[in-house]
Amino acid sequence: EDVTSVGVNHDADIKDDDVMVELQAEIAELKSQLESKTLQQTRQDADQIQSLEAQLQQALQESSHHYLDKIHKYEETIDSLNEAVARSHLYNEEILMGRRLMTSL
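This note's numbering applies: residue 1172 is where the sequence shown begins, and numbers increase by one.
Structural data, given as structure tokens:
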């Protein structure tokens, strides 16, 4: 082999090494960017999930309060109806007692 071909081959090897180092640096940078974007997306997803969970919890609480209010109103209505029925029974008993008194006279 002559000296010039050895020098050219050596220069080509150095250039190949430089290209390989550059490619490895680019790959490392791309990996770093991908990890950063993945982490950022994961954080955004977690934040969105947390926000949706909070909205769901609030909606459940509001719904629960709404139904508890309705149940309370129904209970009040039932109590009021029970009182009216009791008064009606007393009134009917008074009428019957009055009739008995009238007929016994």
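Where is the CB? At the ideal position from N, CA and C, for every residue including glycine.
Where does THR1175 land, buried or exposed, given buried means 16+ other C-beta within 10 angstroms?
Taking the first residue of the sequence shown as 1, we reach residue 1175 at position 4. Here the model assigns THR1175 a pLDDT of 49, short of 50, so the residue's position is not dependable, and the following value carries that caveat. Classification of THR1175: exposed, given that the 10 Å Cβ count is below 16.
Rounded to the nearest angstrom, what separates VAL1177 and LYS1186 at their Cα positions?
Indexing the sequence shown from 1 puts residue 1177 at position 6. Indexing the sequence shown from 1 puts residue 1186 at position 15. In this prediction, VAL1177 has a pLDDT of 49, which is less than 50 and means its spatial position is unreliable; what the coordinates show is noted afterwards. In a straight line, the C-alpha of VAL1177 is about 14 Å away from that of LYS1186.
Excluding the 5 residues preceding and the 5 following LEU1223 in the sequence, name in chain order all residues of the same chain whose CB lies nearer than 6 Å to its CB.
Within the sequence shown, numbered from 1, the residue matching residue 1223 stands at position 52. Cβ neighbours of LEU1223 beyond the five flanking positions: none.
Going by DSSP in three states, LEU1272 sits in which element: helix, strand or coil?
One-based indexing of the sequence shown puts residue 1272 at position 101. Helix at LEU1272.
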